[in-house]
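2 protein chains.
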Amino acid sequence: MRLSPLQQDFVLHFGEMGSRWGINRTVGQIYALLFLSDRPLNADDIVDRLGFSRSNVSMGLKELQAWNLVRLKHLPDDRRDYFSTPDDLWEIVRTLIDERKKREIDPTLSKLRELQMQEPATPEDRHAHARIAELSRLIELLTGWYSDMNRLETDRLVQLLALGAKIQRLVDKTESIVSLPRRKKRSAESSPTAATSPDLKG
Amino acid sequence: MRLSPLQQDFVLHFGEMGSRWGINRTVGQIYALLFLSDRPLNADDIVDRLGFSRSNVSMGLKELQAWNLVRLKHLPDDRRDYFSTPDDLWEIVRTLIDERKKREIDPTLSKLRELQMQEPATPEDRHAHARIAELSRLIELLTGWYSDMNRLETDRLVQLLALGAKIQRLVDKTESIVSLPRRKKRSAESSPTAATSPDLKG
DNA sequence: GTGATGTTTCAGAAATTTCTGAAATTCCGG
DNA sequence: CCGGAATTTCAGAAATTTCTGAAACATCAC
């Protein structure tokens, strides 16, 4: 690996973390390299710098493309494929979350919906059925909120994030003015998504 | 596997998804079983229902405990360990996010901070250094927001989630009334993503 | 067409992770 | 102490994933 200590350290870390992030070491390192690079790199550049086999790099790039995490570019008078990561980090965060949601949440949500079609037979099943329904509702609330947030422009998003919990005060204040109905503490039984509004659906 | 079709389907799905969630199939299935169960189960119950080896179940339970995802219980006149998942799904979501953050984000954040100590030598390194700093700031914003949200009571949290993007309107309104200082971006301080970049081609 | 250049596929090798059975350990009541 | 029930550990087997080199494929300039 022929990289500056800074880059090498970063690249190796991303490799290590790769497995926790659901990608493999190679892919993590390739991504890290592209992320730091100040210009697009082609497959052979990557082979040179990381020392993987050509085919492994090819596979890795393919996987990164499947994740929408890299951009394919072409330079004039050069027909090799060059790759880069978006300059805008927020774009990266958005794709990352989108793709993870797609792979890790959506399949489960549809499975849960499917399972709710089954009528529970035994008392044990009745409990399981209720549990599944509750989980399903919860995930719907979360993904609905996410898709809502995802529609905001980045500036607005940053604004909200920076507010943090202070946002709560705004809600309270507005509540006291407009007097929105405020639910009582007894929330254990009532479904956590009782207040879902129509446009929240995914 | 001796389970009702409903439970079996759910358990198998969680097993499949396990790998995407960074746990293995066994662990996923054990968790799913406990999640659906209307009473705590001991290791042998799990062996009976899922057909894994005793030691595998033991390992799986240990991992689930490391993730804080199961509760250890004891029944009177029985010294076996019984396990269950919290009744409150929000508690589950919170631990899930906490633990994933701990494993997937925190180590990277400290690595990034560490790397920022290094002074960049080459021009290439200068770019890498800037990129790392930017990433670091972004993650700090996100984790800061998260820890803020995490402090809210569940009721409040649900309230905010249900509001979704409508929250933005509140912010705008309050801004226009109270005239909160809306920052102009002139220093590097203003926003971690202030570095607006030229549009990227497809 | 041909040759030069670049990319992808794929079967098997290498590495890693998961799973098991047997042995070791812990815990408890006498 | 002992006996026995419950749990954990651990070395190796089994399964899965990752990685490689060689061959196949694609595209372009001539």
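Respectively, the protein sequence lines represent chains E and W. Positions 10 to 211 (my numbering) are the ones given, in order, by the first sequence. Positions 10 to 211 (my numbering) are the ones given, in order, by the second sequence. Backbone N, C-alpha and C fix where the C-beta goes; we use that ideal spot for every residue, glycine too. In this text, all values refer to a predicted model and were calculated from it rather than measured experimentally.
Within the same chain, and ignoring the five residues on either side of W:G69 in sequence, the residues whose Cβ sits closer than 6 Å to its Cβ are T35, V36 and I39. Nearest in C-alpha terms to E:V79, of all of E:P132, E:P129, E:I101 and E:L151, is E:I101.
Non-local C-beta neighbours of E:T117 in its own chain, meaning closer than 8 Å and more than five positions away in sequence, comprise I148, ordered along the chain. If the five residues before and after E:L170 are omitted, its C-beta is found closer than 6 Å to no C-beta atom of its own chain. Not flagged as an interface residue toward chain E: W:Q17, since no C-beta distance is shorter than 7 Å.
Judged by DSSP secondary structure, E:K71 falls outside any beta strand (DSSP E) and instead within the alpha helix (DSSP H) spanning R63 to A75. When DSSP reads this structure, E:R80 sits in a beta bridge with E:S93. At the C-beta level, W:L45 and W:Q17 stay beyond 7 Å of one another. Here E:N77 has T104 and E108 as same chain residues with Cβ atoms under 7 Å from its own Cβ, once five neighbours each way along the sequence are excluded. Linking W:S93 to E:A130 through their CA atoms gives a straight-line distance of about 23 Å. Neighbours of E:P129 in chain W, taken as residues whose beta carbon is under 9 Å from its own, are S13 and L15 in chain order.
Within the stretch 105-117 of chain W, contact with chain E at the beta-carbon level (separation under 8 Å) is assigned to R112, E113, P116 and T117. The count of Cβ pairs closer than 8 Å, one atom from the stretch 83-98 of chain W and one from the stretch 40-60 of chain W, reaches three, so the stretches are in contact. At least 7 Å separates the beta-carbon of E:S145 from that of E:L166. Residues of chain W whose Cβ lies closer than 8 Å to the Cβ of E:F61 do not exist, since the nearest Cβ in that chain is about 20 Å away.
Contact of W:E143 with chain E is assigned, a C-beta pair being separated by under 7 Å. Against E:M26, the close residues of chain W are E113, P116 and T117, in the order they occur along the chain (beta-carbon pairs closer than 8 Å). Pairing W:N65 with W:A142, the inter-Cα distance amounts to about 43 Å.
For E:I32, none of the residues of chain W pass the 8 Å Cβ criterion, the least Cβ distance being about 11 Å.
Under the 10 Å beta carbon count, E:A41 is surrounded by 16 or more other beta carbons and is classified as buried. Not one beta carbon of chain W lies nearer than 7 Å to the beta carbon of E:G37.
Membership of E:P116 in the alpha helix (DSSP H) is indicated by the continuous run D115 to M126. Distances from the CA of E:R11 to each of E:I55, E:D97 and E:G31 were compared; the closest alpha carbon is that of E:I55.
Any Cβ of chain W closer than 7 Å to the Cβ of E:D53 would place that residue at the interface, and such an atom is absent. Shown here, E:L59 sits in a helix according to DSSP, grouped into three states. By the beta-carbon neighbour count (other beta carbons within 10 angstroms, threshold 16), E:I176 is buried. A direct Cα-Cα distance of roughly 52 Å separates E:D53 from W:P14. By the neighbour-count criterion, in which 16 or more other beta carbons inside 10 Å mark a residue as buried, W:G24 falls on the buried side. The C-beta of W:R178 comes no closer than 7 Å to any C-beta of chain E. For the set W:H138, W:L84 and W:G31, the Cα lying nearest the Cα of W:E123 is the one of W:H138.
Contact annotation: E:E72 and W:R29 have beta-carbon atoms that are not nearer than 7 Å. Counting every other CB atom within 10 Å of its CB across the protein chains shown gives W:L59 a total of 16 or more, marking it as buried.
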